[in-house]
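Residue numbers (my numbering), protein chains in the order written: chain A, 60 to 261; chain B, 60 to 261; chain C, 60 to 261; chain D, 60 to 261. From the three backbone atoms N, C-alpha and C, an ideal C-beta is built for every residue, glycine too. What you are looking at is a predicted structure, and each value in this text was computed from that prediction instead of being measured. All remarks here apply to the structure that follows.
There are 4 protein chains.
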Amino acid sequence: MRTGRLETFADGVFAIAATLLILNVDTQIGEHTSDLGNRLLAIWPSYVAYAVSFLTIGIIWVNHHALMDQVERADRVFLFLNVGFLLVVAFIPFPTRLVAEYIQDEGATAAALAYGITLTATAVMFNAMWFYASVGGRLLRPDHDPAAVKGITRSYLPAPWIYLAMTLTALIDPTLSVILYGAFAVFWVIESSVFGRTRMRS
Amino acid sequence: MRTGRLETFADGVFAIAATLLILNVDTQIGEHTSDLGNRLLAIWPSYVAYAVSFLTIGIIWVNHHALMDQVERADRVFLFLNVGFLLVVAFIPFPTRLVAEYIQDEGATAAALAYGITLTATAVMFNAMWFYASVGGRLLRPDHDPAAVKGITRSYLPAPWIYLAMTLTALIDPTLSVILYGAFAVFWVIESSVFGRTRMRS
Amino acid sequence: MRTGRLETFADGVFAIAATLLILNVDTQIGEHTSDLGNRLLAIWPSYVAYAVSFLTIGIIWVNHHALMDQVERADRVFLFLNVGFLLVVAFIPFPTRLVAEYIQDEGATAAALAYGITLTATAVMFNAMWFYASVGGRLLRPDHDPAAVKGITRSYLPAPWIYLAMTLTALIDPTLSVILYGAFAVFWVIESSVFGRTRMRS
Amino acid sequence: MRTGRLETFADGVFAIAATLLILNVDTQIGEHTSDLGNRLLAIWPSYVAYAVSFLTIGIIWVNHHALMDQVERADRVFLFLNVGFLLVVAFIPFPTRLVAEYIQDEGATAAALAYGITLTATAVMFNAMWFYASVGGRLLRPDHDPAAVKGITRSYLPAPWIYLAMTLTALIDPTLSVILYGAFAVFWVIESSVFGRTRMRS
């Protein structure tokens, strides 16, 4: 099976999951209020959560693209690893809403844990896809660049551990863990923009 | 009519239906609660229902792809059989929510029946599409593999009956029927991953 | 501008509008109820409304496809006629919910009028797109079939008047007008399936 | 990286954001009412807000297309500028709902400001993408038309300032600023339809 339709389906899920995030912001504004201005300022964690999750889904999209660039064909196992991966990506709007609603609250720890577990699961599924496709060159393009493949492996492998560490941070300080989720996304964008140029195939 | 735009439309519906499933989980969390941790644990049927329905839509997507692989062109009847098929697929998020919300409740039978009827209808519409396209090779590629076509027919035909049996199980034990829906999806993924390799065109 | 990206955008709006219809059914089920079975039977107008609107959007999709088949390129006016057309198509889920919720109620006339006005506007915008593209062959493929173009014009022209007539019927009998909307969709599918074969380009 | 998958992702976000707008209209109708007809007339600002935002997203889509027409490839910085751009576009349904709900109310200023800030941010991100891609011809097609590129630059540059001015108008008269948002969209469509013909390639 060619990978074209897999990419269409994945891009659809990414785009919808990202765009649904705004419904969470909408929910936070709640019932008709007589002081809209202050209500809009009070729900600032919703905007931050929206931006961090949108950016995170954007990063996942870019990485999925880089991965599929090296993959030539898909078998059933790879298709279902993708479905499992998309299942956790499409879950992201839910913990995003929890963080937005509960971060200034006694529910902060549970919310930050739920968010971190979801992102950790995303990173685990991403590695599962990549290892299944790349070990022994199973599904890679015949002309794949071995250096690029090794580089991808090296940059993906630590992600689940980093997310797990940030998730566990929530047990001590949920606000800190949420700051780390955001900082990691911003760091990834900057690092990848600065150093990505040389790593990428033109 | 070429089938490209049909696949785009179908993939859009699959991706949206799957991604909308998360809204049901969101609904179960309900109003602001002072004990988010326990609330998150209490709604575990929502996560299971989310995963089973997402996986089921993923399986439908893979099967739709396998079917369209053998089909070369579409006429009006085939287009509308597809619309009818997508109509029942897009319905799945609704009974998913019912099962998640009512399975531990006196509404369990009604919810499990609604879920089973929807999946049975999906399987019936799938067979209708396939038989219309394949009988006498009506819409198949001129170079289709007769063995592959027979294999697909043999593997699709029992699906409506299996889903009907699981649906009727709900009348006796709704929990059992829901477990069967999930087990069938997992079984299908494993069976198709293990044996699919030899059946699939490379 | 080539029409490829226009079709992608339109197919996205069709697929999302159709899939969002299920949210209306979900809304009708309302809060947690102790008698789910009867509640599911009581909201039967929701299922009918869902099916009729899904089918109607499916018909619109098929017709949009047939139209774009004759069109080779798009200018700004045509793009914005498309945006206006999609604007009314994406509006369909709203009156669908109104009909589902109010058809057995004193709000039936208003709901049936809202539904009919939306479908009439869809038909008007469809004709506007087609006339802009086809008059003098402005945007048509150089090798378009003049007979096919005339056939399309003849079959689209009456649609706004038919929908207007059904809409006005709502002033006398809203239930009848809703039955007519559904019957017209089913009729269209059957007529086009039976006679479409000869009209279509293979 | 080729730009094809970027366009798919962007078109997905545009289509979903536009189609989600109808949920805001649906929310305004609220609980079951015994006088649906008057309720439908009373929420007329929702229809206007829906139409203006749908049209605005349509304009953004057309402009994004015109921009991508000149761009040949994407690097990481450009990808993330796009993600940031889509992040603000996907935000539009939220202030649209605020304007629809609060424009006849004491919250009108806050709502009109939120709407204007979102559109200003969209225009800023659009310029950022374009300047990154076009300065020194960084990502442009080798055969890009220098006159077309200059024309695009000239027509995009004032947009953030125009939106900022309309946003600030909300501090004096929120209704006026909302009328200006709508008038600007309509003006853009007409101007671009009349004069776009000569400016466009082919």
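- According to the DSSP assignment, Arg61 of chain D belongs to no alpha helix (DSSP H), since it is labelled neither H nor E.
- Along the segment 107–158 of chain C, the alpha helix (DSSP H) occurs as fully enclosed runs of 4 or more residues at 135–148, listed in sequence order.
- Spanning the alpha carbons of Ala180 of chain D and Asn141 of chain D requires a straight line of approximately 13 Å.
- Under DSSP, Leu223 of chain B takes part in no beta bridge, so it has no partner.
- Within chain D, not a single residue places a beta-carbon under 8 Å from that of Arg197 of chain C; the smallest gap is close to 11 Å.
- As DSSP reads the structure, Leu80 of chain B sits in no beta bridge.
- Between the segment 146–164 of chain D and the segment 98–106 of chain D there are three or more inter-stretch CB-CB distances shorter than 8 Å, so the stretches are counted as touching.
- Looking at D:Gly196, D:Ala125, D:Phe68, the one whose alpha-carbon comes closest to that of Leu145 of chain D is D:Phe68.
- Membership of Thr179 of chain A in the alpha helix (DSSP H) is indicated by the continuous run 167–193.
- Between Trp220 of chain A and Val194 of chain A, the alpha-carbon positions lie close to 21 Å from each other.
- Under DSSP, no beta-bridge partner is assigned to Leu216 of chain C.
- In terms of Cβ geometry, Leu172 of chain A and Ile81 of chain B do not form a close pair [threshold 9 Å].
- Contact annotation: Val72 of chain A and Ala149 of chain A have beta-carbon atoms nearer than 9 Å.
- Looking at the backbone, the Cα of Ser252 of chain A and that of Asp202 of chain D are separated by about 26 Å.
- Counting C-beta pairs closer than 8 Å gives three or more between the segment 239–250 of chain B and the segment 104–117 of chain B, which meets the contact rule.
- Measuring C-alpha to C-alpha distances from Leu199 of chain C to each of C:Tyr106, C:Ile176, C:Tyr174, C:Arg132 identifies C:Arg132 as the nearest.
- The CB of Ser236 of chain B never comes closer than 9 Å to any CB in chain A; the least such distance is about 22 Å.
- With a contact defined as Cβ atoms closer than 8 Å, Val183 of chain D and Leu138 of chain C miss out at about 24 Å.
- According to the DSSP assignment, Arg98 of chain D belongs to the alpha helix (DSSP H) that extends over 95–101.
- Against Thr78 of chain C, the close residues of chain B are Val72, Ile75, Ala76, Leu79, Ala149, in the order they occur along the chain (beta-carbon pairs closer than 7 Å).
- By the CB criterion at 9 Å, Thr168 of chain D and Pro154 of chain D fall outside the cutoff.
- In the three-state DSSP reduction, Leu198 of chain D falls in the coil class, being neither helix nor strand.
- DSSP places Gln163 of chain C outside both helix and strand once states are collapsed to three, so it counts as coil.
- By the rule that beta-carbons nearer than 9 Å mark a contact, Tyr161 of chain C touches chain D.
- By alpha-carbon distance to Ala76 of chain A, the top candidate from A:Asn97, A:Asp94, A:Ile119 is A:Ile119.
- One Cα belongs to Thr212 of chain D, the other to Asp204 of chain D, and the distance between them is close to 12 Å.
- For Pro152 of chain C, the neighbours in chain D by C-beta distance under 7 Å run, in chain order, Ile81.
- In this structure, Gln129 of chain D places its C-beta atom within 9 Å of the C-beta atom of Val208 of chain D.
- For chain A, the residues of the segment 108–132 of chain B that bring a beta carbon within less than 7 Å of one of its beta carbons are Ala110, Phe113, Leu114, Gly117, Trp120, Val121, His124, in chain order.
- Each residue's CA atom was taken as its position, placing Leu227 of chain C and Ala218 of chain C some 14 Å apart.
- In the displayed model, Glu90 of chain C falls within coil according to three-state DSSP, outside both helix and strand.
- Spanning the alpha carbons of Val245 of chain A and Tyr222 of chain A requires a straight line of approximately 14 Å.
- Asp94 of chain C counts as exposed, since fewer than 16 other C-beta atoms from the protein chains shown sit within 10 angstroms of its C-beta.
- Sequence-distant partners of Pro152 of chain B (beyond 5 residues in either direction) whose C-beta falls short of 8 Å from its own C-beta, in its chain, are Ala76, Leu79, Leu80, Leu82, Asn83, Ser112.
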